[in-house]
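Residue numbers (mature numbering (1 follows the signal peptide of the UniProt record, and there is no 0)): -21 to -1, 1 to 200.
Note that beta-carbon positions come from the ideal geometry of N, C-alpha and C, so glycine has one too.
These notes are about the structure you will find just below.
This is the structure we're talking about:
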């Protein structure tokens, strides 16, 4: 079992063992998402990314008296995309990366839809701290450069990044205990640092934007 799945299991056990009944304003839930990564060009080097991403995990939060929701969670993000760039003759083509992600943000219900008070749109914004636990590079062409990406994995390629996200969606309450929701999310990396990565591939760091379609269920206590 990989590290992300172990952490998700631990998080689930902690949530299930916690006592949220005191305030009645806490919630927890599960959700999944599928997204398309954006293209990026640095202007200095030819750097083009295009592919897909899968996002899933547990979420939790607290609803304040003003209906503002403080959201957090623990998620696994899997990227599979093609990245083409040239610097000193080096070209990488296919990358797969797996992150543990910790989102923090705010969510607010915009309004109720007329008589359907059980259905309301919402907006959310925040940041997510991502930590790369596995990375795989498949190259097609290497010209006059050190074969730096050979065997890159969780032990020699660690990436820590900070992303911003903005989300619009619909929330529907099935009853006092359960609600379902769907949303569209835009996510963009704000900063990127690579720890313990070979010097030759540090310029891999850059902007990576994604558009997500998300669906989930929440359980209120």
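C-alpha distance - residue i paired with residue j, whole-angstrom precision
i: residue 58; j: residue 191; result: 12 Å
i: residue 44; j: residue 159; result: 21 Å
i: residue 38; j: residue 75; result: 24 Å
i: residue 49; j: residue 104; result: 10 Å
i: residue 79; j: residue 144; result: 16 Å
i: residue 198; j: residue 16; result: 30 Å
i: residue 77; j: residue 33; result: 10 Å
i: residue 89; j: residue 56; result: 28 Å
i: residue 153; j: residue 95; result: 12 Å
i: residue 201; j: residue 9; result: Residue numbering for the chain in the displayed model covers -21 to 200; residue 201 lies beyond these limits and cannot be assessed.
i: residue 97; j: residue 150; result: 8 Å
i: residue 112; j: residue 166; result: 20 Å
i: residue 138; j: residue 115; result: 13 Å
i: residue 99; j: residue 168; result: 29 Å
i: residue -8; j: residue 7; result: Residue confidence for residue -8 is low, a pLDDT of 46 falling below 50, so the modelled location carries little weight; the figure read from the coordinates is stated next. Distance between the alpha carbons of residue -8 and residue 7: 11 Å.
i: residue 106; j: residue 83; result: 5 Å
i: residue 156; j: residue 54; result: 23 Å
i: residue 172; j: residue 196; result: A caution first: residue 172 carries a pLDDT of 44, below 50, which makes its placement in the model unreliable, though a value can still be read off. Distance between the alpha carbons of residue 172 and residue 196 is about 33 Å.
i: residue 42; j: residue 81; result: 19 Å
i: residue 146; j: residue 200; result: 24 Å
i: residue 164; j: residue 5; result: 23 Å
Beta-carbon gap between residue i and residue j smaller than 8 Å
i: residue 194; j: residue 11; result: yes
i: residue 148; j: residue 101; result: yes
i: residue 47; j: residue 87; result: yes
i: residue 60; j: residue 35; result: no
i: residue 85; j: residue 108; result: no
i: residue 14; j: residue 162; result: no
Assigned secondary structure, residue i (DSSP; H/G/I helix, E/B strand, else coil)
i: residue 191; result: strand
i: residue 156; result: coil
i: residue 45; result: coil
i: residue 90; result: coil
i: residue 2; result: A caution first: residue 2 carries a pLDDT of 41, below 50, which makes its placement in the model too unreliable to give a value.
i: residue 96; result: coil
i: residue 170; result: Summary for residue 170: the model assigns pLDDT 46, below 50, so the residue's position carries little reliability; its value from the coordinates is reported in the next sentence. In this structure, residue 170 counts as strand in the three-state DSSP scheme.
i: residue 138; result: strand
i: residue 197; result: strand
i: residue 132; result: At residue 132, the pLDDT of 42 sits below 50, so the modelled position is not reliable; the number obtained from the coordinates is stated separately. Looking at residue 132 - three-state DSSP - the assignment turns out to be coil, as it is neither helix nor strand.
i: residue 177; result: In this prediction, residue 177 has a pLDDT of 48, which is less than 50 and means its spatial position is unreliable; what the coordinates show is noted afterwards. In the structure shown, residue 177 sits in coil (DSSP, three-state: anything other than H, G, I, E or B).
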